[in-house]
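Residue numbers (our numbering), protein chains in the order written: chain A, 1 to 197; chain B, 1001 to 1197. Beta carbons are placed, not taken as given, at the ideal position from N, Cα and C, and that holds for glycine.
Protein chains: 2
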Amino acid sequence: MKVFGIDPGSARTGYGCVETDGSRHRLLVCGAISPPASATFPDKLQFVHRELLKLIRECAPSCVAVENVFHAANVRSALKLGHTRGVALLAASEAGVEVAEYSPAEIKRAVVGYGRAEKVQVQQMVRMLLGLRRAPTPHDVADALAVAICHVHSNDIASRLKRERGAQNGPTTRRAATSWRQLGPADLAALMGRTRG
Amino acid sequence: MKVFGIDPGSARTGYGCVETDGSRHRLLVCGAISPPASATFPDKLQFVHRELLKLIRECAPSCVAVENVFHAANVRSALKLGHTRGVALLAASEAGVEVAEYSPAEIKRAVVGYGRAEKVQVQQMVRMLLGLRRAPTPHDVADALAVAICHVHSNDIASRLKRERGAQNGPTTRRAATSWRQLGPADLAALMGRTRG
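Quick look at the structure:
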């Protein structure tokens, strides 16, 4: 499974594609898109959209994962971020790829194991999980890889729990967890132990 | 000159194209884009983007005019609006058309003559200025036409004042007004009298 993570930003948009076989993750491509500072705002949006669409088509992931934003410094910065996020979601839709959204806390919990982790902890865990020599920089790139890893884990845990519960209890009507929010502490601890082991 | 106005909204995006010969304005096309309610958010963005790009290319305006937003009920609604606004600006950029942005007060002042006019006043003035039998509805369509008319007036007044000042004072280094904000009450009154006469 390939997952393409995006961290849209007003000045710079991080991206990264992660491939996984279920137990190991591998970095395929990552980077940051920085439109020319002299371009008009609509032309900057076009630059980001064109690059993302090209990258998503090249990577052909099964999912595009994006951080869900609920907070911003103010309405103006929320609006500006919304523009870039809009053209990112558009690129995914045009490439015919499903979009999954995760809250910042879900992403940090998936990658670091703690929903209020610092940026530098996320960078270091992304480095370890992908077996990289150096932590990906700038932080937009690490954040894009983090949301991709979060999606991998969410999907992974959902199918794993489904299998395990099916084996223990026979046919069951209980729905498999599709989000970290639905998991208990034991499930989380089990996953975290396995992922980092 | 043809101006294509857009009023982006989370649920519905109004649009309208106005043609002017400098003294009379004519409505070419207007309407509202409502993506299917059942579509995912990225697919709704794709729907709005595709429709706008098609319409802008068909109308071939010299400018796309969009309301500049500074206020929203909260960060979440600002973010959502930003997404739609982002794909609207992208469509203009992809069509190779310049984008002009005006504040809500500038638009109301241009159309009604009063920066804090009510929605229904804007609808009625748009109807009168374009010589329509009925006020355009829903209000998103009237708002899109209002921002297009605002751009026509701004451009119009800028070149008119330049001409008049040039004739009265000979060559001058004073810059022509490019926005209503730069105009005095006399200029505003003169324009309003002429436009509505």
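Taking the alpha carbon of PRO1136/B as the reference point, which residue from LEU1027/B, PRO1008/B, SER1154/B and ASP1021/B has its own alpha carbon closest?
LEU1027/B
Cβ contact check for the segment 144-153 of chain A and the segment 10-29 of chain A: 3 or more pairs under 8 Å:
yes
Over the uninterrupted alpha helix (DSSP H) stretch that includes VAL120/A, give me the two end residues.
119-129
Is LEU1052/B helix, strand or coil by DSSP?
helix
State yes or no: is the C-beta of GLU98/A nearer than 7 Å to some heavy atom of the ligand GTP?
Ligands displayed in this structure: none; no statement on the ligand GTP is therefore possible.
Buried or exposed by the 16-neighbour rule on C-beta atoms within 10 Å, applied to ASN1074/B:
exposed
Let me confirm a value: SER1093/B is counted as buried when at least 16 other C-beta atoms fall within 10 Å, else exposed. Which label applies?
buried
Could you check what DSSP says for VAL97/A in three-state terms: helix, strand or coil?
coil
Give the DSSP-derived three-state secondary structure of PHE70/A in the structure shown.
coil
What does THR1020/B reach in chain A if we use C-beta pairs closer than 9 Å?
Under the 9 Å cutoff, chain A gives no residues; its nearest Cβ is about 23 Å from THR1020/B.
Is the shortest distance between the beta-carbon of SER200/A and the beta-carbons of chain B less than 8 Å?
Limits of chain A in this structure are 1 at one end and 197 at the other, which puts residue 200/A out of reach.
What is the DSSP secondary structure of ALA86/A, counted as helix, strand or coil?
Going by the sequence as given, residue 86/A is Gly instead of Ala. Reduced to three states, the DSSP call for GLY86/A is helix.
Label PHE229/A either buried or exposed according to how many other C-beta atoms from any shown protein chain fall within 10 Å of its C-beta, with 16 as the threshold for buried.
Residue 229/A falls outside the range modelled here, since chain A spans only 1 to 197, and no answer is possible.
For VAL1141/B, the nearest candidate out of ARG1024/B, GLU1019/B, HIS1025/B and ALA1032/B (CA to CA):
ALA1032/B
What is the DSSP secondary structure of ALA60/A, reduced to helix, strand or coil?
coil
Give me the Cβ distance between HIS1151/B and TYR1114/B, rounded to the nearest whole Å; I'm assuming they're in contact under 8 Å.
Incorrect: roughly 19 Å between the Cβ atoms, too far for contact.
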